[in-house]
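Novice:
Protein chains in written order, with the working numbering: chain L, 1 to 155; chain P, 1001 to 1155; chain Y, 2001 to 2085; chain V, 3001 to 3085.
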């Protein structure tokens, strides 16, 4: 029920608590947190810059979210994605899906991540300790992952 | 890497933070939180009692956890399950799986829940607002769910 | 053979006890045997253990199926299908 | 037709600009057409847009494939495959 793109860090526990506050109709909550790793292809990283396409990003995430809500009976959803400069160990993305039953919550969270990875206009640039670095290449496996959710993936 | 059975509530955010503290090698964390719903078969509930088999519960959860760690490259796992008297909206169970990549984390968390649901010796007794209630029946769908993970499920 | 028998959830309530220490008759070899024997121990036992399709068994804290041997068991637990999570 | 063109990630860096307002030649009908035309606009453009298999396009903030029409577009964005999450 919410999509946010922000520079600031997020607090997974606080986000879940806010989402559940005062509700007794939710039986299952699945969260995915993506974090910046300290290493890429064997090289130690010092930072990463996340660029995005303001306007399209929010619109695309909202489309991804409403697609999930059309597929599964979800009582709450949340997508928070950071942009700007991040350090190893920092949070990058949080996805939350809440439902009556666990399989809907698991499937929806997994779907949201697969779609986000292949459609939301974010780009990562890594900076290594040795001064090297560059734009991260898209992984073919992310395109394969999104295809398992059916035809809408190829829009 | 941890299994706990406790009366006390847990804090999902705090558990995740503790698990990630000081680490830069984790790229993906999936959490599942199960909560007590305020309604069962159309009846408003006032409380639920969770009974378990002390000793076997911890042993079974540890077996489930090591089965997951044998199947996926996991950097951290956690299972926390509450027992005793719970109210609508209360946390029941927390499962966390951390890995380099998101699909391993999603699959492992889903597997841990399916196994826990069909093998860990917990029993729920519901009390409804109208004074009725009783032991919750096992759902056949939970047995079906665990079967998709292959032969070890039928041990 | 003297063993500790444990009962959980509605089995515990119906039988009015959580555990008992008992000497098993020597002819009992498998989980199926002990379930059949339990059904002969009185009216409440009969009610509970005639529903054998429903009662699950663990031997020394490990799930056991009907054909599992109870030989050497120290603790045998009886309970309904689990409903945690 | 005057449109706003946007460039992201390494396309932005290679072209040395994040956006430009430009009048498109009237004969451009599809995404494939505008990609081909971009490749003719100078050395940096040639380097970037000759790799057409890699450049992705969004028209008015919606993903568009090679055969999509650019007619009526106000904002056309060019970028590499996305790598968020």
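Even glycine gets a Cβ: it sits at the ideal position worked out from N, Cα and C.
Leaving out five residues on either side along the sequence, give the residues of the same chain with a beta carbon under 8 angstroms from the beta carbon of residue 3054 of chain V.
Specialist: 3080 and 3081
Novice: Evaluate the contact criterion for the region 1036-1052 of chain P versus the region 1118-1131 of chain P: three or more CB pairs, one atom per stretch, below 8 angstroms.
Specialist: Yes, the region 1036-1052 of chain P is in contact with the region 1118-1131 of chain P.
Novice: Given that a residue counts as buried once 16 or more other Cβ atoms are within 10 Å of its Cβ, and exposed if not, what is residue 3026 of chain V?
Specialist: Exposed is the call here.
Novice: What does residue 2007 of chain Y pair with, by DSSP beta-bridge criteria?
Specialist: Y:2078
Novice: Please list the terminal residues of the continuous alpha helix (DSSP H) segment that includes residue 3038 of chain V.
Specialist: 3031-3038
Novice: Counting only Cβ pairs nearer than 8 angstroms, list the residues of chain Y close to residue 1135 of chain P.
Specialist: Using a Cβ-Cβ cut-off of 8 angstroms, residue 1135 of chain P is close to 2009, 2010, 2080 and 2083 of chain Y, given in chain order.
Novice: Excluding the five sequence neighbours on either side, which residues of its own chain have a C-beta within less than 8 angstroms of the C-beta of residue 998 of chain P, listed in chain order?
Specialist: This structure gives no information on residue 998 of chain P, because the portion of chain P shown stretches from 1001 to 1155.
Novice: Taking 8 angstroms as the CB-CB limit, is residue 2032 of chain Y close to chain P?
Specialist: no
Novice: Using a C-beta to C-beta distance shorter than 8 angstroms, which residues of chain P count as neighbours of residue 2058 of chain Y?
Specialist: 1053, 1056 and 1121
Novice: Looking only at its chain, what residues have a beta carbon closer than 6 angstroms to the beta carbon of residue 1138 of chain P, apart from the 5 residues adjacent to it on each side?
Specialist: Leaving aside the five residues that flank residue 1138 of chain P on each side, none in its chain has a CB nearer than 6 angstroms to its CB.
Novice: DSSP three-state label for residue 37 of chain L, please.
Specialist: coil
Novice: Of all the CB atoms in chain P, is at least one closer than 8 angstroms to the CB of residue 35 of chain L?
Specialist: yes
Novice: Candidates P:1084, P:1114 and P:1136: which alpha carbon is nearest residue 1218 of chain P's?
Specialist: A query on residue 1218 of chain P cannot be resolved here, the shown segment of chain P reaching from 1001 to 1155 and no further.
Novice: Compute the distance between the beta-carbons of residue 2068 of chain Y and residue 2030 of chain Y, then report whether it is under 8 angstroms.
Specialist: Yes.
Novice: Between which two residues does the beta strand (DSSP E) containing residue 1003 of chain P stretch?
Specialist: Start and end: 1003-1006.
Novice: Alpha carbon to alpha carbon, what distance is there between residue 146 of chain L and residue 20 of chain L?
Specialist: 29 angstroms
Novice: So residue 32 of chain L and residue 1030 of chain P are in contact, right, with Cβ under 8 angstroms, and what is the actual spacing, rounded?
Specialist: 5 angstroms
Novice: Alpha carbon to alpha carbon, how far is residue 8 of chain L from residue 136 of chain L? Give it in angstroms, no decimals.
Specialist: The alpha-carbon atoms of residue 136 of chain L and residue 8 of chain L are separated by roughly 22 angstroms.
Novice: Could you tell me the distance, in whole angstroms, from the CA atom of residue 2039 of chain Y to the CA atom of residue 2045 of chain Y?
Specialist: Rounded to the nearest whole angstrom, the CA to CA distance from residue 2039 of chain Y to residue 2045 of chain Y is 5 angstroms.
Novice: Pull up the distance between the alpha-carbon of residue 143 of chain L and that of residue 2065 of chain Y, whole angstroms please.
Specialist: 44 angstroms
Novice: Could you list which residues in chain L have their beta carbon closer than 9 angstroms to that of residue 3068 of chain V, in chain order?
Specialist: Those do not exist, as residue 3068 of chain V stays about 11 angstroms from chain L at its closest Cβ, beyond 9 angstroms.
Novice: How should residue 3002 of chain V be labelled, buried or exposed, when 16 other C-beta atoms within 10 angstroms of its C-beta is the threshold for buried?
Specialist: exposed
Novice: Closest to residue 5 of chain L by CA distance: which of L:74, L:82 and L:26 is it?
Specialist: L:82
Novice: Which residue comes first and which comes last in the beta strand (DSSP E) that contains residue 1146 of chain P?
Specialist: Where residue 1146 of chain P is concerned, there is no enclosing beta strand (DSSP E), although the alpha helix (DSSP H) it sits in stretches over 1140-1147.
Novice: Please list, in chain order, the chain L residues whose beta carbon lies closer than 9 angstroms to that of residue 3077 of chain V.
Specialist: 53, 56 and 121
Novice: Should residue 74 of chain L and residue 99 of chain L be called a contact, given that it needs their Cβ atoms to be closer than 8 angstroms?
Specialist: yes
Novice: Tell me, please, which residues DSSP counts as bridged to residue 135 of chain L.
Specialist: L:125
Novice: Contact criterion: CB-CB distance below 8 angstroms. Does residue 80 of chain L meet it with respect to chain V?
Specialist: no
Novice: I'd like to know if residue 24 of chain L contacts chain A, where contact means its C-beta is closer than 8 angstroms to some C-beta of that chain.
Specialist: In the structure shown, chain A cannot be found, because the protein chains are L, P, Y and V.
Novice: At what residues does the beta strand (DSSP E) containing residue 96 of chain L begin and finish?
Specialist: 91-99
Novice: Pull up the CB-CB distance for residue 2006 of chain Y and residue 2075 of chain Y, whole angstroms please, since I reckon it's below 8 angstroms.
Specialist: 7 angstroms
Novice: Please return the same chain residues whose Cβ sits closer than 6 angstroms to the Cβ of residue 1085 of chain P, not counting the five positions on each side in sequence.
Specialist: 1047 and 1049
Novice: Are the C-beta of residue 3063 of chain V and some C-beta of chain L separated by less than 8 angstroms?
Specialist: yes
Novice: Can you list, in chain order, the residues of the region 84-113 of chain L whose Cβ is nearer than 8 angstroms to any Cβ on chain V?
Specialist: 92, 93 and 113
Novice: According to DSSP, simplified to helix, strand and coil, what is residue 1014 of chain P?
Specialist: helix
Novice: Measure the alpha-carbon distance for residue 26 of chain L versus residue 1092 of chain P and round it to whole angstroms.
Specialist: 12 angstroms
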